[in-house]
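Undergrad:
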Amino acid sequence: MDWIYFLIVGALAGWLGSLLFKGSGSGLIMNILLGIVGAIVGGWIFQKLNITVGGFTGSVITAAVGAFVVLWFYRLLGGGRR
Numbered sequence: 015m016d017w018i019y020f021l022i023v024g025a026l027a028g029w030l031g032s033l034l035f036k037g038s039g040s041g042l043i044m045n046i047l048l049g050i051v052g053a054i055v056g057g058w059i060f061q062k063l064n065i066t067v068g069g070f071t072g073s074v075i076t077a078a079v080g081a082f083v084v085l086w087f088y089r090l091l092g093g094g095r096r
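Okay, structure coming up:
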């Protein structure tokens, strides 16, 4: 059942991160992947800043912040050019 939790948190966080960054979602699969990578990045950032959050909402916020940072870094490196 833990993997369902990760998929739900990943989908929500990826959607929130992409919504905040570019104004729309990126599709379900991409949102899940973005949210999972964002959770890793966000967890690392929050650990370095000594910020502690807990529960479902805290997990989503941490992953969404990480997803936003991942999208920002991707755009910084020249990704997403049309």
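To convert, take the position in the sequence shown, counting from 1, and add 14; that gives the working numbering.
Glycine is no exception: its CB is placed at the ideal position from the N, C-alpha and C atoms.
#1: Go ahead and label I18 buried or exposed: buried means 16 or more other beta carbons lie within 10 angstroms of its beta carbon, across all protein chains shown.
#2: Roughly how many whole angstroms lie between the Cα atoms of G92 and L85?
#3: Just the C-alpha distance for W29 and G80, rounded to the nearest angstrom, thanks.
#4: Which of helix, strand or coil does DSSP assign to V83?
#5: Can you give the Cα-Cα distance for G57 and L90, rounded to whole angstroms?
TA: Taking the definition as stated:
#1: Its Cβ having fewer than 16 others within 10 Å, I18 is exposed.
#2: The straight-line gap from Cα to Cα measures roughly 11 Å.
#3: The C-alpha of G80 is placed about 12 Å away from the C-alpha of W29.
#4: Look at V83 here: in three-state DSSP terms it is helix.
#5: If you take the alpha carbons of G57 and L90, they lie about 21 Å apart.
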